[in-house]
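As they're listed, the protein sequences go chains A and B. Our numbering numbers the first residue of the first sequence as 6 and each following residue consecutively. Our numbering numbers the first residue of the second sequence as 33 and each following residue consecutively. By construction, the Cβ of each residue, glycine as well, lies at the ideal position given by its N, Cα and C atoms. These numbers were taken from a predicted model, which means no experiment stands behind them.
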Amino acid sequence: MSALIEELPVILGAFWLTVRLTLATAVAALVLGTVLAAMRVSPLGVLRNVAGAYVNALRNTPLTLVIVFCGLGLGLVLDVSFSESLSVNYLWLSIIGLSLYTAAFVCEAIRSGINTVPIGQAEAARALGLTFTQNLRHIVLPQAFRAVIAPLGSVLIALIKNTTIAAAIGVAEASLTMKSLFERHQEAVVPIFLGFALGFLVLTLPVGLLFGWLAKRLAVAR
Amino acid sequence: MTEADRSTSLVNLAKVNKHFGALHVLRDIDLDVTRGEVVVVIGPSGGGKSTLCRVINRLETIDSGSITFDGQSLAVEGRALAKLRSEVGMVFQQFNLFAHKTILENVTLGPVKVRKIARDQAERRGMELLERVGIASQAAKYPAQLSGGQQQRVAIARALAMDPKMILFDEPTSALDPEMVQEVLDVMISLARDGMTMLVVTHEMGFARRAANRVVFMSDGQIIEQAAPDEFFTNPGTDRARDFLSKILTH
Numbered sequence: 006m007s008a009l010i011e012e013l014p015v016i017l018g019a020f021w022l023t024v025r026l027t028l029a030t031a032v033a034a035l036v037l038g039t040v041l042a043a044m045r046v047s048p049l050g051v052l053r054n055v056a057g058a059y060v061n062a063l064r065n066t067p068l069t070l071v072i073v074f075c076g077l078g079l080g081l082v083l084d085v086s087f088s089e090s091l092s093v094n095y096l097w098l099s100i101i102g103l104s105l106y107t108a109a110f111v112c113e114a115i116r117s118g119i120n121t122v123p124i125g126q127a128e129a130a131r132a133l134g135l136t137f138t139q140n141l142r143h144i145v146l147p148q149a150f151r152a153v154i155a156p157l158g159s160v161l162i163a164l165i166k167n168t169t170i171a172a173a174i175g176v177a178e179a180s181l182t183m184k185s186l187f188e189r190h191q192e193a194v195v196p197i198f199l200g201f202a203l204g205f206l207v208l209t210l211p212v213g214l215l216f217g218w219l220a221k222r223l224a225v226a227r
Numbered sequence: 033m034t035e036a037d038r039s040t041s042l043v044n045l046a047k048v049n050k051h052f053g054a055l056h057v058l059r060d061i062d063l064d065v066t067r068g069e070v071v072v073v074i075g076p077s078g079g080g081k082s083t084l085c086r087v088i089n090r091l092e093t094i095d096s097g098s099i100t101f102d103g104q105s106l107a108v109e110g111r112a113l114a115k116l117r118s119e120v121g122m123v124f125q126q127f128n129l130f131a132h133k134t135i136l137e138n139v140t141l142g143p144v145k146v147r148k149i150a151r152d153q154a155e156r157r158g159m160e161l162l163e164r165v166g167i168a169s170q171a172a173k174y175p176a177q178l179s180g181g182q183q184q185r186v187a188i189a190r191a192l193a194m195d196p197k198m199i200l201f202d203e204p205t206s207a208l209d210p211e212m213v214q215e216v217l218d219v220m221i222s223l224a225r226d227g228m229t230m231l232v233v234t235h236e237m238g239f240a241r242r243a244a245n246r247v248v249f250m251s252d253g254q255i256i257e258q259a260a261p262d263e264f265f266t267n268p269g270t271d272r273a274r275d276f277l278s279k280i281l282t283h
């Protein structure tokens, strides 16, 4: 217990990084996932196929592979650089990896939401003269999002836990920090582990509750 | 509308054919609708009536033949098609009001997003139209809070908000509880009186008698006969039309 209290600033700092990783990735993955979902329902076969191939590729690749590729492949070999500071650079590279991966799941969630919107909604919008993009933006996607708030919450919870894989390329988020605290306080590995596990619960449980509440509140009555 | 306009063709279908897989749902359809005319399409289920309605604003594509609207051939896709659709109102059997938008938003969406009319102006006009169909007091509600008859009247107001040159009605009263049919028909009759060009697929023979200029009888994907309502109902020219009428009018 004393180890936990002594290291509290370090632990909170690590979770703050976890939160930042999550938020940055969530925004990027939501945008990219929405674009991919729009591509998957577009009238152009090329776009549908590209988005379909992307989702299949990313959804079926282990996240560790994606992150290691972004860190070592993009970062070291291809020399993609966002910052002078190595740790900031790896943070960005891990955000890219997490976003590319999570976007595939966001896309599939939204696509299933699009399938819940009755065809008549899109037809009525077309009959008014809305273009394909206007139709998606004003009619189909708003209803699709409301239908998949709960599944998107699950994607977000998975993302919070998945940020730990950024440890593989040395991003000092919660799990990597836990590992270094284990080395420093070998007498207290169990309390330290429990402390970190509790930290994740504090992040994930409210997300589940919040999204469940939002899903009910924003549901479209038909 | 001048007298010259009244006699000119607004929609023309020539030799239109359409298949759904092996089903030949429209066979060599020739149909002309002039400005201000109210054409009622009747006939047995599965006879191609709804499809006829839906090919006019290209919610369904056709396999062969040609359709012209207001002198122009129907655009295949893109902005030109969107423009055509904005000039042809459509009222669906299932209402299809936008479920996540209020009644007023349903009526203003098209004018604001398609016609680029200022929102306050669109809302003023929207309220006028809701007033006209008797739903103004429900403007802030969502579609699911309204009865079927009210929803369908909103759908008509939504079509009118675009100032269409024509409105297509695809079985507008078929999904309604019986006591709500008349309120929708009343709105449609008043539109017909005001000179709106209408193509109405319906089973409501009373509406056809009261408001139609012409009845088109369709069966098996073909136009079997067309005539003025009085003539059609009292003295149908074909056996198939006589047979159909005897089934629906004897009860």
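For a contact defined as C-beta to C-beta under 9 Å, what are the partners of B/Arg111 on chain A?
In chain order: Thr136.
Tell me whether A/Ala58 is buried or exposed, calling it buried when 16 or more other Cβ atoms sit within 10 Å of its Cβ.
It counts as exposed.
Identify, in the order they occur along the chain, each residue of the same chain with its Cβ nearer than 7 Å to the Cβ of B/Gly15, setting aside the five sequence neighbours on each side.
Residue 15 of chain B lies beyond the stretch modelled for chain B, which goes from 33 to 283, so this question has no answer here.
Using DSSP with H/G/I as helix, E/B as strand and the rest coil, what is B/Met235?
The question names Met, but residue 235 of chain B in the sequence shown is His. Of the three classes helix, strand and coil, the one that applies to B/His235 here is coil, per DSSP.
In this structure, does DSSP put B/Met33 in helix, strand or coil?
Its pLDDT being 45, under 50, B/Met33 is placed unreliably in this model, and the value from its coordinates should be taken loosely. Correct three-state label for B/Met33: coil.
Once you ignore the five residues that flank A/Arg187 on each side, which residues in its own chain have a CB closer than 7 Å to its CB?
The sequence given here places Phe at residue 187 of chain A; Arg does not occur at that position. Only Val194, Ile197 meet the Cβ criterion.
What is the C-beta distance between B/Leu231 and B/Leu200, in whole angstroms, given that I count them as a contact (C-beta under 8 Å)?
The pair is a contact, with the Cβ atoms about 5 Å apart (cut-off 8 Å).
B/Val70: which of B/Gln258, B/Ile280, B/Asn267 sits nearest, CA to CA?
With distances taken between Cα atoms, B/Val70 lies closest to B/Gln258.
Residues in the same chain with beta-carbon distance under 6 Å from A/Leu37, minus the five sequence neighbours each way, listed in chain order, please.
Excluding sequence neighbours, A/Leu37 sits near Ala108.
Given a threshold of 16 other Cβ atoms within 10 Å of its Cβ, counted over all protein chains shown, does A/Ile144 qualify as buried or as exposed?
Buried, since its Cβ has 16 or more Cβ neighbours within 10 Å.
Starting from B/Val127, follow the beta strand (DSSP E) in both directions and report where the run begins and ends.
According to the sequence displayed, residue 127 of chain B carries Phe and not Val. Segment: none, B/Phe127 is in no beta strand (DSSP E) and carries neither H nor E.
Using the Cβ count rule (16 or more neighbours within 10 Å means buried), how would you classify B/Pro204?
Looking at its Cβ environment, which holds 16 or more other Cβ atoms inside 10 Å, B/Pro204 is buried.
Against chain A, does B/Lys50 count as a neighbour if the rule is that its beta carbon must be under 8 Å from one of theirs?
Output row for B/Lys50: interface = no.
Go ahead and pull the three-state DSSP assignment for B/Ser251.
Three-state result, B/Ser251: strand.
Name, in chain order, the residues that DSSP records as bridge partners for B/His51.
According to DSSP, which records beta bridges pairwise, B/His51 is partnered with B/His56.
Using 8 Å for Cβ pairs, my map puts B/Lys50 next to B/Thr100. What's the rounded Cβ distance?
With a Cβ gap of about 17 Å, B/Lys50 and B/Thr100 do not count as contacting.
What residues from chain A crowd round B/Arg117, counting only those whose CB sits closer than 8 Å?
Simply Arg131, Ala132, Leu133, Gly134.
Counting only the same chain and skipping the five closest in sequence on each side, list residues whose C-beta sits under 8 Å from that of A/Leu26.
Closer than 8 Å at the Cβ level, and outside the excluded window around A/Leu26, lie Leu96, Ser99, Ile100, Leu103, Thr168, Ala171, Val176, Glu178.
B/Ala114 to A/Ala33, Cα distance in whole Å?
The alpha-carbon atoms of B/Ala114 and A/Ala33 are separated by roughly 32 Å.
Compile a chain-ordered list of the residues in the region 116-137 of chain B whose CB is closer than 7 Å to at least one CB of chain A.
Of all residues in the region 116-137 of chain B, Arg117, Ser118, Met122, Phe124, Gln126, Asn128, Phe130, Ala131, His132 have a Cβ within less than 7 Å of some Cβ in chain A.
Among B/Leu55, B/Lys197, B/Ile221, B/Ala171, whose alpha-carbon lies nearest the alpha-carbon of B/Thr229?
Nearest option by C-alpha distance: B/Lys197.
Within this structure, are the beta carbons of B/Gly285 and B/Val48 separated by less than 8 Å?
No answer is possible for residue 285 of chain B: the residues shown for chain B start at 33 and end at 283.
Going by C-alpha to C-alpha distance, which of B/Ile94, B/Val73, B/Ala243 sits closest to B/Phe52?
Checked all of B/Ile94, B/Val73, B/Ala243; the closest Cα to B/Phe52 is B/Ile94.
Can you tell which of A/Gly118, A/Leu199, A/Ser180 has its C-alpha closest to the C-alpha of A/Ala220?
Nearest of A/Gly118, A/Leu199, A/Ser180 to A/Ala220, Cα basis: A/Gly118.
With burial defined as no fewer than 16 other Cβ atoms inside 10 Å of the residue's Cβ, what is the status of B/Ala172: buried or exposed?
The residue in question, B/Ala172, is exposed, as its Cβ has fewer than 16 Cβ neighbours within 10 Å.
Could you say if the region 68-83 of chain A and the region 136-153 of chain A meet the contact criterion of at least three C-beta pairs nearer than 8 Å?
With a cut-off of 8 Å, the region 136-153 of chain A and the region 68-83 of chain A do not count as touching, because too few Cβ pairs lie within range.
Hey, A/Val82 and B/His132 are a contact pair by Cβ (cut 8 Å); roughly how many whole angstroms apart?
Their Cβ separation, rounded to whole angstroms, is 47 Å, which puts A/Val82 and B/His132 out of contact at 8 Å.
Is B/Met194 close to chain A, meaning its C-beta is less than 8 Å from at least one C-beta of that chain?
Interface residue, yes.
Let me confirm a value: B/Arg86 is counted as buried when at least 16 other C-beta atoms fall within 10 Å, else exposed. Which label applies?
By the neighbour-count rule (16 or more Cβ atoms within 10 Å), B/Arg86 is buried.
What residues match up with B/Arg246 in a beta bridge as DSSP calls it?
B/Val71, per the DSSP bridge assignment.
Which word fits B/Ile280, buried or exposed, when buried means at least 16 other C-beta atoms lie within 10 angstroms of its C-beta?
Exposed is the call here.
Please classify A/Thr23 as buried or exposed, where buried requires at least 16 neighbouring CB atoms within 10 angstroms.
Classification for A/Thr23: buried.
Could you check whether the Cβ of A/Ala43 sits closer than 8 Å to any Cβ belonging to chain B?
Not one chain B Cβ lies under 8 Å of A/Ala43.
Taking a Cβ distance cut-off of 7 Å, strictly less, list which residues of the region 175-203 of chain B are near chain D, in chain order.
Among the chains of the structure shown, chain D does not appear; the protein chains present are A and B.
Would you report the Cα separation of A/Gly204 and B/Gly180, rounded to the nearest angstrom?
A/Gly204 and B/Gly180: Cα-Cα distance of roughly 51 Å.
On the three-state DSSP scale, how would you describe A/Gly204?
The answer is helix: DSSP assigns A/Gly204 an H, G or I state.
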